[in-house]
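Undergrad: Attaching a single structure in structure tokens format; questions to follow.
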Amino acid sequence: MLKIYGASTFNATKVLFTAEELGLQYEYDHLDFAKGDHKSAEHLKRHPLGKVPALEHNGNYLFESASLCRYLANISNKQLYSEEPVKAAKIDQMIDLVCHHAGKWLAVYFYQEVVMMKYYQKEADEKAIAEAKGFLDQQLPYLDKVLAQSKFLCGDDISIADTVALPYFHACLITSVKLDAYPAIQRWIEEGVSRPAFQKALAAMPQ
Ligand SMILES: N[C@@H](CCC(=O)N[C@@H](CS)C(=O)NCC(=O)O)C(=O)O
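Here is the structure:
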């Protein structure tokens, strides 16, 4: 039995999107943050920090969204990943680049402009946004160059680098992040969000 625990966040979207691309059968359990479901004793057994996403498979509990996507690929004969060490390392390197750099700064926009406003009725911190913009201005040209040369982030086939990265960009479509200077990134977002697997992932979660 494969069970994914999530909420309507880009980190949970990564895992559902990956499971859908892999064609896996799973159950989705939506946790209600407002009710504190994620801090319940039951959920703390799945995720010691009381966060989502988390995954349950054959009695094992796992967490950290990118690790969960890699695990799903590993139990699916390395589909969306690779048996070949250098190819796998290139996919891992792109996942790390996105999670620790560009995605981290996109998440600042989402947190400041959407989460703070919606849940805490607070204005965005302009200093935090300016810092995120500064780093994105340095990092997005590289991703645009990669996507101008290949259909996906690691070549012409979709990989877990894409299923991890796309949810950050999709979440930021409702923020003030400007992507006009990055036509290849825009093309990749448009194609990615229109994939049936991405649409199914979104449909699984109340938005
Ligand atoms: N690095 C973790 C981040 C997990 C995380 O921060 N999840 C957020 C939602 S996107 C959460 O559960 N927040 C609730 C909380 O921290 O109380 C991952 O990629 O899974």
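Once you know that position 106 of the sequence shown is 93 in our numbering, the rest is easy, because the numbers rise by one and skip nothing.
Beta carbons: idealized from backbone N, C-alpha and C, even for Gly.
Would you say the beta carbon of Phe97 comes nearer than 7 Å to a heavy atom of ligand 1?
TA: No, the Cβ of Phe97 stays beyond 7 Å of every heavy atom of ligand 1.
Undergrad: Would you say Ser27 touches ligand 3, meaning its beta carbon is less than 7 Å from a heavy atom?
TA: Of the ligands one can find in the structure shown, namely ligand 1, none is ligand 3.
Undergrad: Which residues bound the alpha helix (DSSP H) around Asn(-2)?
TA: It spans -3 to 9 - the alpha helix (DSSP H) in which Asn(-2) sits, taken as one unbroken run.
Undergrad: Note the first and the last residue of the continuous alpha helix (DSSP H) segment covering Tyr48.
TA: First-last for Tyr48: 47 to 50, but that is the beta strand (DSSP E), not the alpha helix (DSSP H).
Undergrad: Taking 8 Å as the threshold (C-beta atoms), are Cys56 and Thr5 in contact?
TA: Result yes, Cβ atoms of Thr5 and Cys56 sit closer than 8 Å.
Undergrad: Smallest Cα separation from Pro196: which of Tyr58, Tyr98, Ala60, Ser137?
TA: Limits of the chain in this structure are -12 at one end and 194 at the other, which puts residue 196 out of reach.
Undergrad: Check the DSSP bridge columns for Leu(-11) and list the partner residues they point to.
TA: In DSSP, Leu(-11) forms a bridge with His44.
Undergrad: Output the boundary residues of the alpha helix (DSSP H) element that contains Glu113.
TA: Note, Glu113: alpha helix (DSSP H), 113 to 136.
Undergrad: Kindly give me the distance between the Cβ atoms of Pro231 and Ile(-9), rounded to whole angstroms, as I take these residues to be in contact under 8 Å.
TA: Within the shown structure, residues of the chain are numbered from -12 to 194, placing residue 231 beyond reach of any answer.
Undergrad: Any contact of the stretch 118 to 132 with the stretch 56 to 70, i.e. 3+ C-beta pairs under 8 Å?
TA: Result no; under three Cβ-Cβ pairs closer than 8 Å.
Undergrad: Straight-line CA distance for Ala21 to Pro72?
TA: In a straight line, the C-alpha of Ala21 is about 43 Å away from that of Pro72.
Undergrad: Is the Cβ-Cβ distance between Tyr155 and Ala94 less than 8 Å?
TA: Result yes, Cβ atoms of Tyr155 and Ala94 sit closer than 8 Å.
Undergrad: Short of 8 Å in beta carbon distance, which residues of its chain neighbour Val2, apart from the five on each side in sequence? Order them along the chain.
TA: Here the set comprises Ile(-9), Gly(-7), Pro40, Leu42, Ser52, Leu55, Cys56, Leu59.
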